[in-house]
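A.B. asks: Take a look at this one; I'll ask things after.
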């Protein structure tokens, strides 16, 4: 296994791909943690080495072609969560975790914070924001009801999978953010909208695989779509 990993490191370094991805792929294949693949205690039955090596090379080949490691493994970490992801849904970014921090802080600081609070997540994607807020609010003794709005059918598949995985009472609304939830008002409305300008060049692993609808924010400055999200948030937010 160490020789396979060394070969993968060499290939990834030549192609300017993080060698961490090679470790993640091997750990995924073996069903262990990244740390465990470097321990002496990890033993592979001799009759399985050949098949594992072949599978590993196939995974390495996918990554070399640009497929994101999260799509290959089918999972993406987000705060304390391990979300299921794949083609058709945006991979959660670490930066979005800061949005959850702000949301939890806001809900905690509200007057009568012991009363139930309503939250709407626009363009929910994999459910990263909705699920993190719902689960972490509960740990802090906060009562929240969360509605996740998402219009992309492929993304909704992953959204529902992740909500079911964590068994949370999140309501899913499959509709465009511009028209969703007429007459509904919430204490907090948040989103991570697409904001990349249409003509901006992106890395192959992003542009060639992740859904454009979750990335591109419009022409020139990429702010066309975010402005629509802002309009929807204003409509949905309590006075």
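In the numbering used here, the protein residues as written are 1 to 239.
Beta carbons are placed, not taken as given, at the ideal position from N, Cα and C, and that holds for glycine.
On a predicted model such as this, the values are computed, not experimentally measured, just so you know.
Measuring alpha carbon to alpha carbon, tell me which of 69, 178, 25 ends up nearest residue 121.
C.D. replies: Counting from one through the chain shown, the residue named residue 121 turns up at place 121. Of the candidates 69, 178, 25, the one whose C-alpha sits nearest the C-alpha of residue 121 is 178.
A.B. asks: Over the uninterrupted beta strand (DSSP E) stretch that includes residue 140, give me the two end residues.
C.D. replies: Locating residue 140 in the chain shown gives position 140, where the first residue counts as 1. Run containing residue 140: none; DSSP gives neither H nor E here.
A.B. asks: Going straight from the alpha carbon of residue 59 to that of residue 25, what length do you get?
C.D. replies: Working through the chain shown from its first residue, we reach residue 59 at position 59. Working through the chain shown from its first residue, we reach residue 25 at position 25. Straight-line Cα distance between these residues: approximately 7 Å.
A.B. asks: What are the complete alpha helix (DSSP H) segments, minimum 4 residues, inside the segment 183–224?
C.D. replies: Segments of the alpha helix (DSSP H) lying fully in the segment 183–224: 204–207.
A.B. asks: Go to residue 50, then tell me how far its beta strand (DSSP E) extends in each direction, as first and last residue.
C.D. replies: As a position in the chain shown, residue 50 is number 50, starting the count at 1. Careful: residue 50 lies outside any beta strand (DSSP E), inside the alpha helix (DSSP H) at 49–64.
A.B. asks: Per DSSP, which one or two residues make a beta bridge with residue 83?
C.D. replies: Here residue 83 refers to the residue found at position 83 when the chain shown is read from its first residue. Answer by DSSP bridge pairing, in chain order: 76.
A.B. asks: Quick one: what does DSSP say residue 243 is sitting in, helix, strand or coil?
C.D. replies: The requested residue 243 does not occur in the structure, where the chain is confined to residues 1 to 239.
A.B. asks: With a threshold of 8 Å on Cβ separation, who are the neighbours of residue 116 within its own chain once the five nearest residues in sequence on each side are excluded?
C.D. replies: Locating residue 116 in the chain shown gives position 116, counting from the first residue. 143, 144, 145, listed in sequence order.
A.B. asks: Which residue marks the beginning of the beta strand (DSSP E) containing residue 93, and which one marks its end?
C.D. replies: One-based indexing of the chain shown puts residue 93 at position 93. Element bounds for residue 93: n/a, residue is neither H nor E.
A.B. asks: Grouping DSSP H, G and I as helix and E and B as strand, with all else coil, what is residue 101?
C.D. replies: Counting from one through the chain shown, the residue named residue 101 turns up at place 101. Three-state result, residue 101: helix.
A.B. asks: Does the CB of residue 215 have a neighbour CB from chain D at under 7 Å?
C.D. replies: Within the model displayed, chain D is absent; a lone protein chain is all it includes.
A.B. asks: Can you tell me whether residue 171 is helix, strand or coil according to DSSP?
C.D. replies: Along the chain shown, one-based indexing puts residue 171 at 171. Strand.
A.B. asks: Tell me, please, which residues DSSP counts as bridged to residue 149.
C.D. replies: Working through the chain shown from its first residue, we reach residue 149 at position 149. DSSP, once it has assigned bridges, lists 122, 173 as partnering residue 149.
A.B. asks: Report the three-state DSSP secondary structure of residue 237 (helix, strand or coil).
C.D. replies: For the purposes of this step, residue 237 is taken as the residue at position 237 of the chain shown. Strand at residue 237.
A.B. asks: Quick check on the DSSP output: the alpha helix (DSSP H) that includes residue 14 runs from which residue to which?
C.D. replies: If you number the chain shown from 1, residue 14 lands on position 14. Segment 2–14, the alpha helix (DSSP H) holding residue 14.
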